[in-house]
Each structure stands twice: as C-alpha cells, then as structure tokens.
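Chemist: The working numbering puts the first residue of the sequence shown at 132, with every later residue one more than the last.
Where is the CB? At the ideal position from N, CA and C, for every residue including glycine.
Below is a structure I'd like to ask you about.
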Amino acid sequence: MITEDEIKDMIERMEGRQPAVRKVSFPPLTAPAGADRLKIPLDYLNDVKVTITVELGSTTMKVRDILQLSEGSVVELDRPAGDTVEVLINDQPLARGEVVVLGGNFGVRIESIREQRKTRPGGEKQ
C-alpha cells in the first residue's frame, strides 16, 4: 500500500514536470490497389433488415404522474389527431406520412420523403 508521504512526493514530482509535446507527421493516405474497381451493386443490400419507427408525438411527464398510469389512462401527445407523423429508419428521419388503418392494424401512407443529404467519402454528412 502507498503511504501518504509517497503520494505527496509523487504529486510534487508530477507538478514540476512539463508535458512532452512534439509534432508528428503522417504519410499521405493512399487507396489500396484495386479499390477503384470495387463496386458493390445496390442489390447486395436488399436483404439487410432495418428498423422502421413511426413517431406519433411526445410529451414530458413527471415521474409521479408516470407512476400513476394504469390501464385506460390517456397520455396527451404534442401533436393534434390527424397531423402527419415522422417515419424513422434506424432512428434517422426518412419521411412524413398519414396514419391509416389496414384491416385492424395501423399503417402509414407516405406523403413526403426527406431530401437525401450527400455523404462525404469518409461517411461524414455535409
């Protein structure tokens, strides 16, 4: 176990030191050989599963109010009935639409698709 005097001694030595900082240079990045020929068809992604979420609205509640919720309770959301809803793909906005009923299930009729943002080569959004 370390003693209090040893800790104080270590701290005093650390406070007197200046961090060693130096510039580093990296060689330029180059694409691997044949990378320009690598093209994957869009069909390759056809079987990839994504999560689609439709956001009807939201609200803020105090914990005590949440604890009082029971079957039959109604939570008022921040959007009026009949308003368009947000359609999300893997938590990213994709479209807006209208809630419809299809044979006892809810569905969404797409009204507008969000404009696609261009992606830089490193995957960063512009």
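#1: Taking all protein chains shown into account, do 16 or more other C-beta atoms lie within 10 angstroms of the C-beta of residue 181, making it buried, or fewer, making it exposed?
#2: Taking the continuous beta strand (DSSP E) assigned at residue 229, which residues delimit it?
#3: Run the CB neighbour count on residue 218, radius 10 Å, all protein chains shown included, and call it buried at 16 or more, exposed below.
#4: Looking at residue 173 and residue 188, is the spacing between their C-beta atoms short of 7 Å?
#5: Mind checking which residues open and close the beta strand (DSSP E) that includes residue 242?
#6: Find the nearest neighbour of residue 223 within the set 184, 203 and 190, judged by alpha-carbon distance.
#7: Taking the alpha carbon of residue 243 as the point to measure from, which residue in 225, 133 and 179 has its own alpha carbon closest?
#8: What does the alpha-carbon distance come out to for the pair residue 147 and residue 156?
#9: Measuring alpha carbon to alpha carbon, tell me which of 228, 136 and 205 ends up nearest residue 238.
#10: In its own chain, which residues sit with a C-beta less than 6 Å from the C-beta of residue 166, not counting the 5 before and 5 after it?
#11: Can you tell me where the beta strand (DSSP E) holding residue 220 begins and where it ends?
#12: Could you work out which residue in 170, 162 and 212 is closest to residue 230 when comparing CA atoms only?
#13: Quick one: what's residue 191 bridged to in DSSP?
Modeler: So, from the listed chains and residues:
#1: exposed
#2: 223-233
#3: buried
#4: no
#5: 236-244
#6: 184
#7: 225
#8: 29 Å
#9: 228
#10: none
#11: 216-220
#12: 212
#13: For residue 191, which the question treats as bridged, DSSP gives no partner whatsoever.
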